[in-house]
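Peer 1: Using the numbering used here, you'd call the opening residue of the sequence shown number 14 and step up by one each time.
All residues carry an ideal CB built from backbone N, CA and C; glycine is no exception.
Source: prediction; values computed, not measured.
Can you read through this structure? Questions will come right after.
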Amino acid sequence: MYKPDGFTLIEFIVVILLLSILSVVILPRFVDLQSNARASVIESVAGTVKSTNSILRQALWLDTYPTKICPNYAPVGRVVELYLQGSPAGGNCTNATRFDDQVVWMIWGWMDDIAVDETIRLSGDFDYSNLSWTDSFWGYDLNDDGSVQNDNCYFHYQQPLIEGDVPTMEAIISGC
């Protein structure tokens, strides 16, 4: 008896149906990879800032690097310049010293919000906004309106507001 080789029409339809079901289930996972990647980058930035802040705080308290109190930065004595890589403890604590690669501004033992931006050196893919002299936001401006906060895909850093306080560091990824 002759047995034909290949698929019957029913088998062919079943295979197409199974492939269609698999593509409907799997395709959304691949489409969502960009969102997951943005969220992972924001969480990575948060971890980097927390680690860097801890390391610099230890360097400040270990007194292994020269420091200088900045008396002309209000309130008096709250800002300290931490000089890394053996640079001299000179300078006058003006805004211009913030752009020196070897100086990190510390506020009550924690990084100044602008020091975070200059120390971490985030790429141009991030948008930065500074709402006040204490709050900074780094993230993705997904709707191109100039603000990262309303897209809910950002890292927020708020420097300490009073002595003894700790900085607020949070990763918001609900809109990534």
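#1: Starting from the Cα of residue 119, find the closest Cα among 173, 39, 160, 169 and give me that residue.
#2: With distances taken Cα to Cα, identify the nearest neighbour of residue 187 among 179, 123, 153, 149.
#3: If we count the other Cβ atoms within 10 Å of its Cβ and call it buried at 16 or more, is residue 150 buried or exposed?
#4: Under 8 Å Cβ to Cβ from residue 123, same chain only, skipping five residues before and after it: list those, please.
#5: Within 10 angstroms of the Cβ of residue 112, are there 16 or more other Cβ atoms? Answer buried if so, exposed if not.
#6: Counting only runs of 3+ residues fully inside the segment 131-159, write out the beta strand (DSSP E) ranges in chain order.
#7: Helix, strand or coil for residue 185 per DSSP?
#8: Who are the near neighbours of residue 130 in its chain, counting only those whose CB is closer than 8 Å to its CB and skipping five residues on each side?
#9: Got a sec: does the ligand ZN put a non-hydrogen atom nearer than 7 Å to the Cβ of residue 70?
Peer 2: Reading from the atomic positions:
#1: 173
#2: 153
#3: buried
#4: 66, 70, 172, 173, 179, 180
#5: Because residue 112 carries a pLDDT of 38, less than 50, the predicted location of this residue cannot be relied on, and no value is offered for it.
#6: 140-143, 148-152
#7: strand
#8: 141, 149, 151
#9: Although the ligand ZN was asked about, the structure shown includes no ligands whatsoever.
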